[in-house]
Structures are given as structure tokens and as C-alpha cells.
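Trainee: Let me give you the structure first, and then I'll get to my questions.
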């Protein structure tokens, strides 16, 4: 397989509709929304994000007193509560007068959903406007104007793929990467407006740009079982097994993710699947921020790779041998 | 002095049950201007009509009011009766005391009072009615058929066989439409080309049919009976009268290696730049595709000119504009299928082995790119397991296509059947939602595919298709057993939705034809007038009106032809005289009427003095187009337009008498 081409990536990945306005280009400054998991189970995602942005000159100002986005539980049991959580965070971000940036796919999904509801649902707008003090002096209209970015979009469209590849010090030789997008980044398509919901390519393009071989595979957005890991770990084990097997059968030696939940199920529950259900997987799962950072020359010790259950070092050692 | 006759109908108990009809009759026996007032049980019956006719003669009536049902029921009946008794039919009015009175009220006293009011209004109107005479329009007894598929071909043949000239315009290089691309047709499994080409040849040879292929309708002017149509005959770059159809040019054209996708083969193979779309094409004359021809692109080549034994190549040939005068137009522009990439999860457009129904027809066809072998477009290997997916796009509100495309259930069964005929050890899986097989022999045909050919029908949708190890994994659901299903297929055929053929908006604009939200042309009435449109003289046939199969298209084509022939059958067309009329003295030429007229019936007329100088330009109503809606009359600022039969005087008299 040609390492410079990804089979199936015929057309360019769809541009995300958050097109770069003039005041952001050249001035990559964002109101940073880390989300809870970046200080918990996905602490290495947060560390590597900061390291990468620092290296690229992308300035992150953490939103003061940000609160939980609600993730899955909030919208599963309530209707106004998740809206209020999202609106509060958007209001706090809007106060900083910078577009919002996040890396957690769940936070991204919830914030975008909140913005979508406020824009299109009159009842939601009215209910939120009636909550005094929630919006911290901002109006709902100001919230709707706030741009919400995922780091993937910022890298591909605002920073630029070409520019990124120019910064590469250690091309990711020997890495055959299967990019896994999960569900929250692309679904529901009407709300997320993020790449092609059936065959997204944004992560593939970035990983390709830093010198890795990118595998085209069938399960980019396949369900991993999500929170069933807690109640039906057998189902999650089977799902994870399918995903990992497909990637392996197509020649991948590492999977790249952009979401803490994807990481947990594919990495932590990989062990679970092996021990409890007899599978024999040995596929390292890395965050795209970690892979790109390594390619740019940031030492792996500074990227939290030791936090992963499956050690990615055995695959990365060829890259690092270039030093 | 008016001498009005009032005829009150009981309509059995429909009216008399609620309205005191005798009281109504008595009320008008002594009404000023009324000289005769009578009631009868069924005024529309023969004896009833005779009462009217006799009264007209005996009492020398100058006007007739029939208090009965709705004019849409019997106005024609009573007006004909008056005419046969020697009274101008437009001196007869109806008062609707049934739908507007007895059928909607229960209070006898109030209903009777209302009925009296309604009759009074009618009487006051009739006193001011004037004699009107039908308008006669000349008819050019030639027809234009737009579209040379099976519907257009059938319509053209029917009209031509009746002795009238037909101009048949087709934008592709050959007639035949999509039917020419089919392998066999359901439910008889006739070879499609075998039943179609005789008709195509008939068209070619018919002395009354003027066939214009590779031609488009450029402009349409005029009105029913008198259309003036400009047709652009695009330059083929080949002289039709010299070409013998030998095909040497096609074989030697160097652009055949340039990868030009063949439209007829639906992209499954390529074609040269000079090409005849298929061997049985009518006319059997090639066309140079100037967008891909090396000579037209780079100035170098001219191989076809060198090898042509008949010296028929003409690179200098220009488009020709042809003007045709016709009396009626049939639109038979057909359909297209939506893109198979409509569901990203099915991989249409991404995976080479996910194709649509017409592409599968080309694979099945003996004269197709694979000689009738069902092989995978990706690697050329024979397909053993084929999955068919119904309702791809159709019946999906989320995709903006809520309608059913009607033909897919049948052609899927046909495909499964034909595939098994070729590949005896093949496997077919059909993912369906419902089976729609309502035609003659249709359900039996589907059962045959299931019972005799072992097609495996799975009731459920497919959630996604992906490639794995060179196969297509089709993930679906069997809702009848409640289980998830995965089929490892070599080839997947998507039954994509039918939509109107490209260019419908432009054609609709030229013909002033309305179309629905999907682009299908609108019929005048979906139940009772399916081949007429609201534009007089323009008719519809085939899939351009709605998804349908070949037998229905043929039936509609003959129906449209019959409508055209009834138009041509009379020496002139008679139109209702209740149309608008402009008072040229008072008209100021503001043309607000032109702006509001939905039928484009207002023309501009120059008023000249004796020396030929233009004094003013006034509005003028085209009696061929005006439908008498009255929008102009309501709009005119200084009351220069009146509607004949509904003048201000008449209408105000009604209003005033109602408030008495």
C-alpha cells in the first residue's frame, strides 16, 4: 500500500463549516475547554495537547471556572439541565472573546449540540434566557455566534496540513496507523457538521502529513459499545474485538484516536477483553496529539505515553531511533 | 323588458327536504322581470329540460334561472337545453340552492329564506347578461413530441398513424430512452431491445414523423392550436444523409483510449469521441462529442475523416435552428435515477462493486460491456453472491424523497431471477421493506423469483456496507426473525430512487408548465385528467409525470395521443367566451394586468392613427390563452378590463339584491 495515499480517500475530506474568519488566521488563540476527563482518565491527552499546541504556537487560554459539559448522563435523563451546562460554558468562553477549542469529543459534541439547540430551537432559547445569572452577562445571540473548534479542525484548516508537515522532525516511519473517529465527533451530522460522517478523513490527513502510513479500514466510526463497558462488558469486548481485528487484518500496528472514551474502551478494555473473554489483542492506542507531537520532536516522556495500558513504545521505537 | 323564467328543482329530497321549494316558486311568480316560475322534481331529467325548453318558446323568455345544484354539475346541461330551444346559452344562470343551501343547513325557515336570496341574486344577474358566442381558434394539425423514449415513441406513432404530422425531438443521439438500456422487461422477460427496436424503426420510416435527434427545444411561443416552437438541432459533425452507419470511425477513433465514460453503458465502460450510443441506435449515425474529441480540443487528429468511406465527416457543421408550427405538444421527457452515493453508509460511488439498477441491466444485457456476464466491476471476476437493496432513497423523508419509485420491487425480482438463470449456483439476497407488485402478472412474477429461483428475501434495512478481503459485507436486519444479518456479497445492486430527467426546470419555464416539489410535471387532475396539464394544448406521457413502468407509460402515451387527436379532430377549437375583454379607449397601458395574469394571456397592442403613428400601447387579451380567472379585472386601476359574463354591473346587481 502506497504510504502517501490512503485507499478510499478519493475526494478531499469535507471541509468543516467553521471556516476560518480573518481575525483567527495568523492569530491562533483559543478559549480552551479541557473537560473533566483530561484531568482524570485521559490526563495524557491533556498533557500532549498542551505540549503540541505550545510547540506549534497555538495559544490556549483555559476558560476560568468552566464546568462539566454533562457528557452522556446529563442528556440521558434531563432536557434543560444539559442545555444549561452547555450554555454556561459557552457564555464563559464568549467572555474571553476568542473561539472555543476542545479536544475531548464528548465535550465537543455537547457544546456543539447546545449551540445548535440555541440557534434552532425557540423553546430552548426561551428557557435558557429565563435563567438569571446563567449566562454571566452574555446574551443567547452572543453564544450562538461563538465558534466551536476541535483541535483536528484547527490543525487541518487553520494551521494547515502543509505547514504542519514542514515542522516534522522525525517522520513516523514504520507506523501503520488506523485512525479511529468513534461516534461523537461526527454524529449527528446535522449538528456536528464535522467531516464526512460515513468516511471521515481529517485525522488521516494529519497523520499522513507527519510521515506515517495511514490504513484505510471499515470501522472508522464503528460503535465501540461506549458506556456499556460498565453494564455489559461482554458486548463491549465483542465490539472492541471487531474493531481491533479489522485494523490488524488490514496491517495496522497502532490505532490513533481523538477521544478519551474511545481510548478507554479500546485500550483499557482491550486488557479486559483479553483476560475475561479470551481474545489476544496487542494493539497500542495513541492520541493523535501524542503521535503528531513525537513527529515534531517532542520527547515521548513529556507526552504521558506511560499511562497507556498497551505500551506503544515497541511501535514507536523505530521512529525514535531516527534521533 | 326582461322576461325571466325561474325553474326550481326539488332534486328529489336533496333540496325539497330542507328548502320549501313551492314557496320559492311562489315568491318569484310575482317578482319584477320574472314572467314564469315553476318547480319540478328533477329539473336535469329529460322531462325537466323539456319544461324549460317549452317555457322558453311559450313565454318568449329572455333569460333563464335554474335553482338547483352546483353549476359544476349541470350548467352545461341547462345551457345546452336553452341553446336547443333557441335561447343563447349564456342567458342561462344557475342558483345553487343545494351544495350552497339545502346540503349545509338544517333550519327549514332559514334555508328557504336563503334559497330565495340566492335565486333573487341570480335573477338580477341574468337581467344584465348579454349573449355570448363561443370563440373559435384555428388549429395547426401537427404535433410536437418532446422526448424519444418509449412514451414519446408510442405517442408519436399513434398520432402519425391517425394521419397527422408529428415532430419528435430527442436530445440524445438516438431515440429509445432508458428502455433501450434494459436487458429484459418484467413480467414477460421479453428482450427489451427486441420489442423496442421495431417501434424505433417504425418511427424512422413513418412518412408522417419528422425525427430530430441530438436536438433540444429552444423556445416555445404561441398557444393551443398555434404553437411556434424553435428547435436546436445540435451539430453531430456528421452528415446524416451521407453516413452509412458502417462504424469504422468509432473503431479507429484514438480517443477511445481516453477513458470517456459511456453514458449508455452507465459508466461501466468507455467510448470513443465519435460514437453511436448502441448498435441498434436510430438513427444509426454517429455523433462527435466535441468536448472530448482530440481535433476539437487540440486541433490535431481528423482520423475519422480520413477513414470514413462515405466522406460524411463535417467538422464545420453548425447547430441548426428549426422553427416548427404545431397545434399540440406532448411532453415525454422521462426519468433519471438518483446518484447511488445518497447513503454514504452504502459506499455507492466509493466501492466499485456497489452499483445501481441500470448498471446491473447493462451487465445482464447480451449487448452490454461484459457480453451478459455478471462480473464485478472492480476485478472482473464472476459474481456468485449478489445482494439487492430496495428503497435506496425512495420512501425516505430525511432524504427529501418520500414517494415510492414504483418499479424497483419488480425489477429487483427480475434481476434476482435473471441472475439465477445465468449463474445456476449463484446466491441472491434481497433486502426489502414491502413488496409492491400491483400490476397484471406482477405478484406471480415476484413469487416465481422467490419460489422457483430461490431468491432469499430478507425483510429489513441495510445499515452499512463495507469492503473486507475483496468482498462486500452487507450488514442488515431481518425484522421478521429479529436477528442481525451479514451477507458477504460479490456485488451489491442498489434500487435507487427515480427522479425526473435533467432539465425539467428549463423545459417547464419554456412551456409554462407547473411541476411538483420533486420536479415531476403536474397533471391537470391526478385522478380524472392524468395526461392533460393546466396549459391548454400541452400533454404529458410517461415517467416525467410520476414514476411508472413501461405498460403504464405506453398507456399514457396513447392517452395523450388521443387527447391530441380530439384536439385535431374538429375543424376549430371552441373555447368558452367568458374571458376578459379590454376597453381600448380607457386602457392606459400600465400592464398591471399582464403582471398578474397566470396564463400569459395579455398581449401588447399598438393603437395607431391613420398615418401609422403609434398613439398608445394597450393591453389585449389573447382569446386562445385566457381562462377567465378575472385576476386582471380585479387589478385594473381604472376598470378597463371586464370579464364577459361577470361584469361589474352583473356582480354588483347580485350583491345589492342579496342585501335587500
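Residue numbers (my numbering), protein chains in the order written: chain A, 1 to 323; chain B, 324 to 983.
Built from N, CA and C at the ideal position, the CB exists for glycine as well.
(1) Any idea what DSSP makes of residue 13(A), helix, strand or coil?
(2) Starting from residue 82(A), follow the alpha helix (DSSP H) in both directions and report where the run begins and ends.
(3) Residue range of the beta strand (DSSP E) that residue 332(B) falls in?
(4) Identify every residue that forms a DSSP beta bridge with residue 711(B).
(5) Shorter than 9 Å from the beta carbon of residue 197(A) to some beta carbon of chain B?
(6) So is residue 796(B) in contact with chain A if we call contact Cβ pairs under 9 Å?
(7) Leaving out five residues on either side along the sequence, give the residues of the same chain with a beta carbon under 6 Å from the beta carbon of residue 46(A).
(8) Got a sec? Which residues, its chain only, sit under 7 Å from residue 186(A) by beta carbon, not counting five neighbours each side?
(9) Would you call the CB atoms of residue 880(B) and residue 478(B) closer than 9 Å?
(10) Cβ closer than 8 Å: which chain A residues qualify as neighbours of residue 668(B)?
(11) Can you give me the C-alpha to C-alpha distance between residue 512(B) and residue 736(B), rounded to a whole angstrom?
(12) Taking DSSP as the reference, what is the three-state secondary structure of residue 77(A)?
(13) So which of 461(B), 544(B), 535(B) and 628(B) has the shortest CA-CA distance to residue 894(B)?
(14) Which complete alpha helix (DSSP H) runs does the region 482-530 of chain B hold, if anything under 4 residues is left out?
(15) For residue 385(B), which of 375(B), 399(B), 427(B) and 435(B) has the nearest alpha-carbon?
(16) Please list, in chain order, the chain B residues whose beta carbon lies closer than 7 Å to that of residue 178(A).
(17) According to DSSP, is residue 319(A) part of a helix, a strand, or is it coil?
(18) Which of the three DSSP states is assigned to residue 283(A) in this structure?
(19) Would you say residue 277(A) reaches chain B, if we count a Cβ-Cβ gap shorter than 9 Å as a contact?
(20) Residues of chain B with CB under 8 Å from residue 84(A), in chain order?
(21) Kindly indicate which residue of 286(A), 284(A), 285(A) and 269(A) has the alpha-carbon position closest to the one of residue 278(A).
(22) In angstroms, rounded to a whole number, what distance separates the CA positions of residue 235(A) and residue 813(B)?
(23) Considering only residues of the same chain and omitting the five flanking positions on each side of residue 44(A), which have a CB-CB separation below 6 Å?
(24) Below 8 Å on the Cβ atoms is my contact criterion, and I expect residue 634(B) with residue 565(B) to pass it. Report the Cβ-Cβ distance as a whole number of Å.
(25) Could you tell me the boundaries of the alpha helix (DSSP H) in which residue 466(B) lies?
(26) Should residue 249(A) be flagged as near chain B, meaning a C-beta pair shorter than 9 Å?
(27) Any beta-carbon of chain B closer than 9 Å to the one on residue 234(A)?
(28) Can you tell me whether residue 70(A) is buried or exposed? The criterion is at least 16 other CB atoms within 10 Å of its CB, across all chains shown.
(29) In chain B, what lies closer than 7 Å to residue 218(A) by C-beta?
(30) Could you tell me the boundaries of the alpha helix (DSSP H) in which residue 125(A) lies?
(31) Would you report the Cα separation of residue 431(B) and residue 342(B), rounded to the nearest angstrom?
(32) For my contact list, residue 506(B) and residue 515(B) are in at a C-beta cut-off of 8 Å; report their separation, rounded to the angstrom.
(33) I need the straight-line Cα distance from residue 80(A) to residue 124(A), nearest angstrom please.
(34) Go ahead and pull the three-state DSSP assignment for residue 811(B).
(35) In whole angstroms, what separates the C-alpha of residue 790(B) from that of residue 524(B)?
(36) Roughly how many angstroms lie between the CA atoms of residue 265(A) and residue 224(A), to the nearest whole one?
Mentor: Well, looking at it:
(1) Here residue 13(A) scores only 42 on pLDDT, less than 50, and its place in the model should not be relied on; the value that follows carries that caveat. In the structure shown, residue 13(A) falls within a coil segment according to DSSP collapsed to helix, strand and coil.
(2) That run of the alpha helix (DSSP H) goes 80-95.
(3) From DSSP, the beta strand (DSSP E) with residue 332(B) extends over 327-332.
(4) Partner residues in the beta bridge of residue 711(B), as assigned by DSSP, are 753(B) and 816(B).
(5) Output row for residue 197(A): interface = yes.
(6) For residue 796(B), at least one C-beta of chain A is nearer than 9 Å to its own C-beta.
(7) Answer for residue 46(A): 34 and 38, listed in chain order.
(8) So the list reads 192, 194, 195, 197, 200 and 221, once near-sequence residues are dropped.
(9) By the CB criterion at 9 Å, residue 880(B) and residue 478(B) fall inside the cutoff.
(10) Proximity of chain A to residue 668(B) at the Cβ level (cut-off 8 Å) is accounted for by 198, in chain order.
(11) If you draw a straight line from the Cα of residue 512(B) to the Cα of residue 736(B), it comes to about 11 Å.
(12) The answer is helix: DSSP assigns residue 77(A) an H, G or I state.
(13) Ranking 461(B), 544(B), 535(B) and 628(B) by Cα distance to residue 894(B) puts 461(B) first.
(14) Within the region 482-530 of chain B, the complete alpha helix (DSSP H) runs of at least 4 residues fall at 515-528.
(15) Its Cα nearest to that of residue 385(B), the residue 375(B) stands out among 375(B), 399(B), 427(B) and 435(B).
(16) Those within 7 Å of residue 178(A) in chain B number zero; the least Cβ separation is about 14 Å.
(17) The answer is helix: DSSP assigns residue 319(A) an H, G or I state.
(18) Reduced to three states, the DSSP call for residue 283(A) is coil.
(19) Residue-level contact by beta carbon fails for residue 277(A) and chain B, as no gap is shorter than 9 Å.
(20) Here the premise fails: no neighbours, minimum Cβ distance about 29 Å.
(21) Closest by alpha carbon: 269(A).
(22) Straight-line measurement puts the Cα of residue 813(B) at about 29 Å from the Cα of residue 235(A).
(23) So the list reads 304 and 307, once near-sequence residues are dropped.
(24) That pair is a contact at about 6 Å.
(25) Counted as a single uninterrupted DSSP element, the stretch harbouring residue 466(B) is not any alpha helix (DSSP H) but the beta strand (DSSP E) occupying residues 465-469.
(26) Yes, because at least one Cβ of chain B sits closer than 9 Å to the Cβ of residue 249(A).
(27) No, residue 234(A) lies away from the interface with chain B (no Cβ there is under 9 Å from its Cβ).
(28) Residue 70(A) comes out buried.
(29) For residue 218(A), the chain B residues whose Cβ falls inside 7 Å of its Cβ are 789, 790 and 791, in order along the chain.
(30) Under the DSSP assignment, residue 125(A) falls in the alpha helix (DSSP H) whose first and last residues are 122-129.
(31) Rounded to the nearest angstrom, the two C-alpha atoms are 6 Å apart.
(32) Contact between residue 506(B) and residue 515(B) holds: CB atoms are separated by about 6 Å, below the 8 Å threshold.
(33) Per the coordinates, the alpha-carbon of residue 80(A) lies some 8 Å from the alpha-carbon of residue 124(A).
(34) Residue 811(B) falls in the strand class under three-state DSSP.
(35) Taken atom to atom, the span from the alpha-carbon of residue 790(B) to that of residue 524(B) is near 45 Å.
(36) Between the C-alpha atoms of residue 265(A) and residue 224(A) there is a straight-line separation of about 7 Å.
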